[in-house]
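Take the sequence shown: its position 52, counted from the start at 1, is 52 in UniProt numbering, and no numbers get skipped.
Idealized CB from N, CA, C, for every residue including glycine.
Quantities reported herein were computed from a predicted structural model and do not represent experimental measurements.
Here the structure comes first, spelled out in structure tokens, and everything after it is commentary.
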Amino acid sequence: ATNGRIELAVMVHPRNITKDDFAMLKEQGVSMIRVCLRRDQLDEGLVTLSLARDHGFSVSANVTHVTSQTPGSVLDTAVRAEGAGADIVCCADSNGHMLPADVDRLFSRLSSRLLVPLGFHAHNNLSLALANAAAAIEAGAEYIDTSICGMGKGAGNLHLSMLVAYLERTGVSPGYDLMKLMELSEATARAVPQNNMPSPLMDVILGTYNFPYDSSQRVRDTLERFQLTSEYRAIEVMYQQDKGARLAPRAVLSTIATGLPNGAKGVAL
1 ATNGRIELAV
11 MVHPRNITKD
21 DFAMLKEQGV
31 SMIRVCLRRD
41 QLDEGLVTLS
51 LARDHGFSVS
61 ANVTHVTSQT
71 PGSVLDTAVR
81 AEGAGADIVC
91 CADSNGHMLP
101 ADVDRLFSRL
111 SSRLLVPLGF
121 HAHNNLSLAL
131 ANAAAAIEAG
141 AEYIDTSICG
151 MGKGAGNLHL
161 SMLVAYLERT
171 GVSPGYDLMK
181 LMELSEATAR
191 AVPQNNMPSP
201 LMDVILGTYN
211 FPYDSSQRVR
221 DTLERFQLTS
231 EYRAIEVMYQ
241 QDKGARLAPR
251 AVLSTIATGL
261 PNGAKGVAL
């Protein structure tokens, strides 16, 4: 979303898209085309990328199967994609093979050569989608692919709610409502049993806000006291309560300190 407006993107393979398709997508309100770039079909992919640009789309070059190539090959593809007009270069761990150290090395190398923003597309084969996304962010990636409940090919992709929970835990404020995302994930999981949910949603929330596993009684009490209908909202209220309790003594001490003689102002509280 940009400035509160939802934008639509469509991922395409060069062999499956035509000029007429681009015209139709433009009429349907799509604003970005994400072109999958395979090394063995790179020229065809770059033509498709340029064609999307000609139709007025923003374009992301999705360099796929990066672990099946040498780092030099990935860099060459990325540089050529930038030269063809890509607005973003996104690297896909299509095989779910990368480790965080691999991601760090790759993105550090790409960021030193490219001017366009970088993105990362994780697969969760080794349960490292979140760890790898975190490494990509640390190395300069500005765009991270996620999906509701982690649904995607094979072992699935990075779970949207888990990434937002991680960002909240690390103090980043992306402006998303984590609780609404949790409720959306829960509803989706009920509707689509064959989802790729990596762990129970309540466990994600408990870990985000530092509550023990046996918090169920307090959750029930909070639901009743505040007449809430969502356990996730109850956890949020509990967190705010505990945060307020932690800050209160410091607020009192700070008030006392403002009335101390000048010579005592250096006392650490």
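Inset, instruction - Return the chain-ordered list of same chain residues with a C-beta closer than 7 angstroms to the C-beta of D87, the five sequence neighbours on each side being excluded. - result: The residues are S58, V59, S60 and V116.
Legend entry - Candidates R233, Y209 and I33, of which the one nearest D242 by Cα: Minimum Cα distance to D242 is reached at Y209.
Legend entry - Short Cβ contact (8 angstroms threshold) for T48 with V63: No, they are not a contact pair.
Inset, instruction - Please state whether DSSP places L114 in a helix, a strand or coil. - result: In this structure, L114 counts as coil in the three-state DSSP scheme.
Legend entry - Separation of Y143 from L75, as counted between CA atoms: Straight-line measurement puts the Cα of Y143 at about 18 angstroms from the Cα of L75.
Legend entry - Inter-residue spacing [alpha-carbon to alpha-carbon] between N195 and G119: Here the C-alpha atom of N195 lies approximately 24 angstroms from the C-alpha atom of G119.
Legend entry - Segment limits, alpha helix (DSSP H) that includes R80: Per DSSP, the unbroken alpha helix (DSSP H) holding R80 starts and ends at P71 to G83.
Inset, instruction - Using alpha carbons as the reference points, say which of T222, Y239, V89 and D203 lies closest to E186. - result: Put simply, of T222, Y239, V89 and D203 the residue whose alpha carbon is nearest the alpha carbon of E186 is D203.
Inset, instruction - Taking 8 angstroms as the cut-off, decide whether the C-beta atoms of A135 and D93 are in contact. - result: Not a contact, by the Cβ cut-off of 8 angstroms.
Legend entry - Distance between Q69 and N95 (C-alpha atoms, nearest Å): Within the model, the alpha-carbon separation for N95 versus Q69 is close to 12 angstroms.
Legend entry - Residue closest to D104, alpha-carbon to alpha-carbon, out of V79, A131 and R39: Ranked by Cα distance from D104, the options V79, A131 and R39 are led by A131.
Legend entry - Nearest to I148 (by Cα), restricted to the options P193, G72 and L206: The shortest Cα separation from I148 among P193, G72 and L206 belongs to P193.
Inset, instruction - Locate the alpha helix (DSSP H) running through S60, then write down its first and last residues. - result: Looking at the DSSP string, S60 is not in any alpha helix (DSSP H); the run it does join, the beta strand (DSSP E), is S58 to V63.
Inset, instruction - Tell whether a beta-carbon distance below 8 angstroms holds between S112 and A139. - result: Going by C-beta atoms, S112 is not nearer than 8 angstroms to A139.
Inset, instruction - Between the Cα of L223 and those of I205, L25, A245 and I235, spot the shortest distance and give me the residue it belongs to. - result: The shortest C-alpha separation from L223 is found at I235.
Inset, instruction - Taking only the alpha-carbon atoms, compute the straight-line gap between D20 and D43 and give it to the nearest angstrom. - result: When rounded, the distance between both Cα atoms is 20 angstroms.
Legend entry - Segment limits, beta strand (DSSP E) that includes V89: That run of the beta strand (DSSP E) goes I88 to A92.
Legend entry - 4 or more residues per run - each alpha helix (DSSP H) lying fully within the stretch 185 to 247: Fully enclosed alpha helix (DSSP H) runs of 4 or longer: 201 to 209 and 216 to 226.
Legend entry - Contacts around F22, its chain only, beta-carbon distance under 7 angstroms, and the 5 residues preceding and following it disregarded: Result list for F22: L51, A52 and H55, in chain order.
Inset, instruction - Give every residue of the same chain whose Cβ lies closer than 6 angstroms to the Cβ of Y239, excluding the five residues on either side of it in the sequence, and list them in chain order. - result: If we look at Y239 and ignore the five residues flanking it on each side, its Cβ neighbours are Y209.
Legend entry - As assigned by DSSP and simplified to three states, the class of V103: Residue state, collapsed to three classes: helix.
Inset, instruction - Consult DSSP for G150 and reduce its assignment to one of helix, strand or coil. - result: In this structure, G150 counts as helix in the three-state DSSP scheme.
Legend entry - Beta-carbon proximity list for V219, same chain, < 6 angstroms, skipping 5 on both sides: Cβ within range, chain order: E231 and A234.
Legend entry - Contacting residues, own chain, Cβ-Cβ under 8 angstroms from S108 (five flanking each side not counted): Cβ within range, chain order: A139 and G140.
Legend entry - Candidates V30, Q28, E27 and L46, of which the one nearest C36 by Cα: Minimum Cα distance to C36 is reached at L46.
Legend entry - S31, enclosing beta strand (DSSP E) - first and last residue: It spans V30 to L37 - the beta strand (DSSP E) in which S31 sits, taken as one unbroken run.
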